[in-house]
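Just below is one structure, and these are the notes that go with it.
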Amino acid sequence: MDGTPEELTTLVGREVYSNNGVFVGEVEDIRLDLDRQTVTGLALGRLNDELFGTRIEAGKGVLLPYRWVRAVGDVILVNDVIERLRQPEEEEETVVA
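So the sequence shown is residues 1 to 97, counted in UniProt numbering.
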């Protein structure tokens, strides 16, 4: 990008990937803080079932904090925090007795 501002609406429809290349979802809307005039979150739809399958009802989305965004270009890259989601039973298996 050449540093010129883009309209926020250009973010809608872009695919979101983790910085490790895992598809997360697609931007459906943007959350704004009008007082500060900043973007605070991205509302994602068309979610990756492997990441969110049992956590999110079909047809629902997630709100991703904008502070997780690492880069915006043809796609949006976010921190790998999203990949660290674990099923409760997976967490129990990693506990050492």
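Every residue gets a Cβ at the ideal spot worked out from N, C-alpha and C, and that includes glycine.
Counting along the chain, the unbroken alpha helix (DSSP H) around Glu50 starts and ends at Asp49 to Phe52.
A check of alpha carbon separations from Ile76 across Arg36, Leu32, Leu44 and Gln37 identifies Leu44 as the nearest. Taking the Cα positions, Leu34 is about 25 Å away from Lys60. Only residues of its own chain outside the window of five on either side were considered, and among them Ile30 have a CB closer than 6 Å to the CB of Leu8, listed in chain order. In the DSSP annotation of this structure, Leu11 is not part of any beta strand (DSSP E), being labelled neither H nor E.
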